[in-house]
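Novice: Mapping of the sequence shown onto my numbering: position 600 corresponds to residue 592, and the numbering continues sequentially without gaps. Note that CB positions come from ideal geometry on N, CA and C, so glycine has one too. The structure displayed is predicted, hence computed values, not measured ones.
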Amino acid sequence: MTERSSVTDEQRAVAEHPLDQPGVVDAGAGTGKTHTIINRVAYLHDQGIVEPKHVLLLTFARKAAAELRRRVLERLGPDVEPPQCSTFHAFASSVLSAHAYDLDVSPDATVIEDIDARLVFRAAFEEVVYGGDVDASAFPLRPVQRDSLRDGLFAIAQGLKEREISIERFLERALSAADEIERIRQRVIRRRSRDGRLRKPEAETSDEALRVEAQDARARARAAAEIFRRYDARLRQRHALTYPDLLLLARRGIEANPALARELAGRYRLCIVDEFQDTDLSQWRFLETLFGADLERVTVVGDPRQSIFGFRGAVPENVGKFRALPRSRSYRLTENRRSHQEILDLAHAIIAKDTHDERALRAHRGRAGVQNVHVASRWATARDPAPNADACRQAQAAAVAARIGRLLSDGRAPSEIAILTRNKTLVQPFTAALRTLDIPFRLLGGAGFYETPEVRDALAWLRVLADPLDGQAAARLCASPVCGISDATAVELAAGLEDDDTAFARRIFVDPLPPTLDADSRTRIERLRKIVDALEPYSAAALQLALPAVFAQSGIVAAYAESGDRQALANLRKLRELASDYQDRNREAQARDFVRYIDEIGRVDFDDREADWPATDAVTIMTVHAAKGLEWPVVFVIDVWPPKKPQPLIWLDHESGALLCREGRDDAPLFHVSHWLWRPDDDGFIPHEDDVDGGPSAEERRLFYVALTRARDEVHVLGPRRYSASNPDGVPNPFMRETEAWIQAQGWVADEPSPPAGAGARQLKLAMDVSSSAPETETYESYPAQLQPIAHALPPLSYSVLHAYERCPRSVTYRAVMRLPELRRGPSEELDDALADAASLDAAEPGALLAAGDFGRLVHRALERWARGRIASAVDVEGSALVDQAAAELQLCPKNAERARAVASVEATMAALADWDVLRAEAPFTLQYGDIVVAGYIDLIARDPRGRATIVDYKTGVTKSSAYSLQLAIYRDAAERVYGLSGAACAIGRFDGERFALEPLDVPSDSDVRERIASVAAGLRLADVTARPGEWCWTCPYRAAPCDAYR
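This is the structure:
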């Protein structure tokens, strides 16, 4: 369906909605809401009502914003300035960026992701809990509960920001609520019985116990407030803004600046909000600040049935609140263009229990006419008549793999199939079953990624690097292929150990091995010890050195490359990309920091950075959260989940202000919390179990609805049963039970036997196009076979550091040696290459409000994608598509002129290098010059039409090529030492709009290179602060403070 065709009457009505009235569009799954939004923008433009540049399009996910922008550009054409397409937070960031000084926001401010904010919070939490200046003893602090406690407190801290509640107000209300504990009248809570007999108490207390509970509640409130204060202080120290901070600061700034409010009101005559069901209270307030309390110039589009981000504070009731606005007009899109009617009917049967919708969506494709909904929940066998959850999962996995094998045999492509899971853990049985049948798959949305053997092994190495006495990591390495001792040997090694977490690691890495240990096991342990010893110098090294060292020294990459396990290599590359992304945001990060980061990712339901696009020639495995907005012909919804998630360990009751914690300092349940949860009557009675709704929560039901409606042609629903003596056939959970009932009502068969896998279960080439996360083995060969220990406390040097130091030692010493904070940023306009290289050492962190050089980054990323496509022999992609893909990855929204300039540069480069054989793109290297480490990336290594290997470094600006001779000399050395390419030519590839030229370059000799590197290193060790003023002073963050030697 093109954007210009197939407009339904329902969509046309939305397009013609009056400009000055609030409008709400209930867009059911697959009804073309994006098409509807674009059609409204185009209609208003075609009718001369509103120019697109005066329209603001807001959504939530960065990829969704990029896709919306792409489709708008396609519909409007290149001659029309498009609307502003952005996420709420990116738009707030742009307001703060453009008016930083007017709004009293530091231009150094950096926006940090949710996971990074969790790490900052963790530091504040540990400072209070483990420090001695705050009484945190009233919290339940057993090791098994600390993560849950920290998660709950972090959610509260973010919620306070979203609701604009100060820490002081939080503490005031929490203390007041704690005072009410002693006023609870009941001392016993019981359930009512059917026969009138008095039942055993569910909870009971005494006056003294309530007094102690109140006292501890006050202590918890004070400790929590102190954690929140220190969290905010750490954010301020880092000049860091969280997502809630962005909206809060932007809203307050606009309210306090009438001129800015008038400017924004004049610029945006209309706002359209996509996925409105996922808005929270702060986003509602932000819209009111921009467009007034009546939101007259706002149209919102969403589906309350698909509100699945409650853990982020989403309030689906905002849709009903919008409908209640004065003069608000409602529309509904009911024609689904994705699924067959049978799938929509099942989804309706599931969701209608909460929404009470009268009719299902109407399928444009009609009915399939055959059974296209399949359900399976009976996994009992004669050998195992009552399988537990793990056995059920293993059986599900085998069934899913067999059915996918049959689908492939029948002609389905792997990319047409998805496996969706509620939980991103516990996917390993399914990946193992697919591997058994040689069925290619790709893990997305974090689903199962951190549970794969290769990722767990790599992380175990990093954990041992961070803490050599980590017992769990040591046990993992003992079982890994590198060591591979048997279970019996592991038991022998663990015999007689002390009951502490470090004892096993000490036995493996430090203590004498038992004399009874057999020779083979002793050899394996000794080999493990040698690897750990070789990695020890990297324990305090930068992550960009530590992870390659782990890959090289452990042999983990070589082992999977030798076995031909491309999926394992893909997962290791993904881990490396995560590490690189983390290092970019945290320049001084070490192994221990990255391990903590991964631990935090594992504790969240969904992280945007995990949500890549589906594979092109592999089965997709991802979470339901990550799958929202996507579709496949065939969908497997696996391990259909229990009905309810447990209550958090600690949470905030916004109505009363009470800080509620399920357990106290002695881990015992707290009576006042039970009283709040159960709400007993005056006599202390609560309803009988049978009178309590124990069904799934509304959000879990919506999540299941979203999973079902991803399917176009057929959907398979699989889940476990709970077996007991009274129910030998097992009891499915409510979702499975409702699905089975619907299947039976259609006269269809439930629990069909799994078919043979068939010839379709064969090894298929993994996705290798430029958008795939699957690596090429060569990526890992770029790491030196032997990384030497770092003898001195110098940071890894890059060309930018060397270049900047040779121009002005003071700025580099301030940053790299003295660790002085950056007190000033350079201007945000694009810089000449010479200035950009000098500034790169101190450049704005990714996400900074004022960043420089976006044009160069955009073109570099687009050319990297082009080159990787050439390496993978992928189908050629047009320059415009490469630029759009790069802009989406970098979260950039270039204006039409900027985009056109970037496209011209990319296409000119592609044309100039069309006959070249690309060998490497963004090729990483780490070189050792004595005790000095130099690391970096080579833009391009390729053979020219005459067959000569050439190193190309892309540049903009007018700086003479000779200024880059040292850089290219280092790159040539890396090409020879790391990639085995001797005698490579060197050239600067300079692009500027439609022109691209290769400028050959003579580079210094190896001895000159070593001498210059050694000179820089010596100066850094001596903390040389010699100032050499020049034009680069304009971009120096230390200009005027503290350096006064600027020009």
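For the pair the stretch 562 to 580 and the stretch 539 to 554, tell me if three or more CB-CB distances fall below 8 Å.
Specialist: Output reads yes: the stretch 539 to 554 touches the stretch 562 to 580.
Novice: What did DSSP end up calling Cys384 once you bin it into helix, strand or coil?
Specialist: In the structure shown, Cys384 sits in a helix (DSSP, three-state: H, G or I).
Novice: Going straight from the alpha carbon of Ser168 to that of Leu644, what length do you get?
Specialist: Taking the straight line from one Cα to the other gives about 13 Å.
Novice: I'd like the ranges of any beta strand (DSSP E) spanning at least 3 consecutive residues and lying wholly in the stretch 420 to 491.
Specialist: Counting whole runs of 3 or more residues, the stretch 420 to 491 contains the beta strand (DSSP E) stretches 433 to 435.
Novice: Would you report the Cα separation of Phe847 and Glu870, rounded to the nearest angstrom?
Specialist: Cα-Cα distance, rounded: 18 Å.
Novice: Cα-Cα, which of Pro720, Leu700, Glu899 is closest to Ala341?
Specialist: The residue with the shortest Cα to Cα distance from Ala341 is Leu700.
Novice: Would you give the residue range spanned by the beta strand (DSSP E) that Asp909 belongs to?
Specialist: First-last of the beta strand (DSSP E) with Asp909: 909 to 921.
Novice: Out of Asp945, Phe283, Trp858, Ala550, point me to the one whose CA is closest to Pro473's CA.
Specialist: Answer by Cα proximity: Ala550.
Novice: Is Leu850 near Ala880, with beta carbons less than 8 Å apart?
Specialist: Not closer than 8 Å, so no.
Novice: Could you give the distance in angstroms between the alpha-carbon of Arg434 and the alpha-carbon of Ala866?
Specialist: Straight-line Cα distance between these residues: approximately 18 Å.
Novice: Between which residues of its own chain and Arg514 is the CB-CB distance below 8 Å, once the five residues before and five after are set aside?
Specialist: For Arg514, where only same-chain residues beyond five positions count, the Cβ hits under 8 Å are Leu505.
Novice: Do Gly928 and Tyr791 have their beta-carbon atoms positioned less than 8 Å apart in this structure?
Specialist: Yes; because the gap between Cβ atoms is below 8 Å, this pair is in contact.
Novice: Got a sec, what are the start and stop residues for the beta strand (DSSP E) Pro625 sits in?
Specialist: Its beta strand (DSSP E) spans residues 624 to 629.
Novice: If we count the other Cβ atoms within 10 Å of its Cβ and call it buried at 16 or more, is Val950 buried or exposed?
Specialist: Under this definition Val950 is an exposed residue.
Novice: Measuring only the C-alpha atoms, how far is Val698 from Lys55?
Specialist: Looking at the two C-alpha atoms, the distance is approximately 19 Å.
Novice: May I have the straight-line CA-CA distance separating Ala471 from Arg161, to the nearest angstrom?
Specialist: Cα to Cα, the separation comes out at about 52 Å.
Novice: Could you check where the alpha helix (DSSP H) with Leu789 kicks off and where it finishes?
Specialist: Looking at the DSSP string, Leu789 is not in any alpha helix (DSSP H), and its letter there is neither H nor E.
Novice: Starting from the C-beta of Tyr35, find all residues in its chain whose C-beta is less than 7 Å away, skip the five residues before and the five after it, and write them out in chain order.
Specialist: The residues are Ala7, Glu8.
Novice: From what residue to what residue does the alpha helix (DSSP H) around Phe51 run?
Specialist: Residue 51 is actually Thr in this sequence, not Phe. Segment 47 to 51 is the beta strand (DSSP E) holding Thr51; no alpha helix (DSSP H) there.
Novice: Give a yes or no on whether the minimum CB-CB distance between Gly40 and chain D is below 8 Å.
Specialist: Of the protein chains in this structure there is only one, and it is not chain D.
Novice: Using 8 Å as the Cβ pair cut-off and three pairs as the minimum, do the stretch 189 to 205 and the stretch 49 to 68 touch?
Specialist: No, because fewer than three Cβ pairs between the stretch 189 to 205 and the stretch 49 to 68 fall closer than 8 Å, the two stretches do not touch.
Novice: What are the start and end residues of the alpha helix (DSSP H) that includes Trp643?
Specialist: No alpha helix (DSSP H) contains Trp643, which is instead part of the beta strand (DSSP E) from 642 to 644.
Novice: Can you give me the C-alpha to C-alpha distance between Ala497 and Leu461, rounded to a whole angstrom?
Specialist: The straight-line gap from Cα to Cα measures roughly 5 Å.
Novice: Is the separation between the beta-carbon of Ala405 and that of Asp609 shorter than 8 Å?
Specialist: The answer is yes: Cβ separation under 8 Å.
Novice: Quick one: grab the DSSP three-state call for Pro529.
Specialist: Pro529 falls in the helix class under three-state DSSP.
Novice: Please report how far the alpha carbon of Leu451 lies from the alpha carbon of Val587, in whole angstroms.
Specialist: Cα to Cα, Leu451 sits roughly 7 Å from Val587.
Novice: The beta strand (DSSP E) spanning Val611 covers which residue range?
Specialist: Note, Val611: beta strand (DSSP E), 611 to 615.
Novice: Contact check, Leu227 vs Val112 under 8 Å by CB: the rounded distance?
Specialist: With 8 Å as the limit, Leu227 and Val112 qualify as a contact, their Cβ atoms being about 6 Å apart.
Novice: Mark Asp1 as exposed unless 16 or more other C-beta atoms lie within 10 angstroms of its C-beta, in which case mark it buried.
Specialist: Its Cβ having fewer than 16 others within 10 Å, Asp1 is exposed.
Novice: Assign Ala753 to buried or exposed, taking buried as 16 or more other Cβ atoms, counted over all protein chains shown, within 10 Å of its Cβ.
Specialist: Bear in mind that the predicted position of Ala753 carries a pLDDT of just 48, short of 50, making it too unreliable to give a figure here.
Novice: Pick helix, strand or coil for Cys77, following the three-state DSSP scheme.
Specialist: It is a strand residue.
Novice: Between the Cα of Asp909 and those of Gly861, Pro625, Arg713, spot the shortest distance and give me the residue it belongs to.
Specialist: Taking only the C-alpha atoms, the option nearest Asp909 is Gly861.
Novice: Residues bridged to Ala1009 by DSSP?
Specialist: Answer by DSSP bridge pairing: none, since Ala1009 is not bridged.
Novice: To test your reading of the DSSP string, which unbroken alpha helix (DSSP H) runs of 4 or more residues are found completely within the stretch 174 to 232?
Specialist: Listed in chain order, they are 199 to 229.
Novice: Quick check: the stretch 415 to 431 against the stretch 626 to 633, are at least 3 beta-carbon pairs closer than 8 Å?
Specialist: These segments touch.
Novice: Please report the straight-line C-alpha distance between Val42 and Arg261, rounded to a whole angstrom.
Specialist: Cα to Cα, the separation comes out at about 7 Å.
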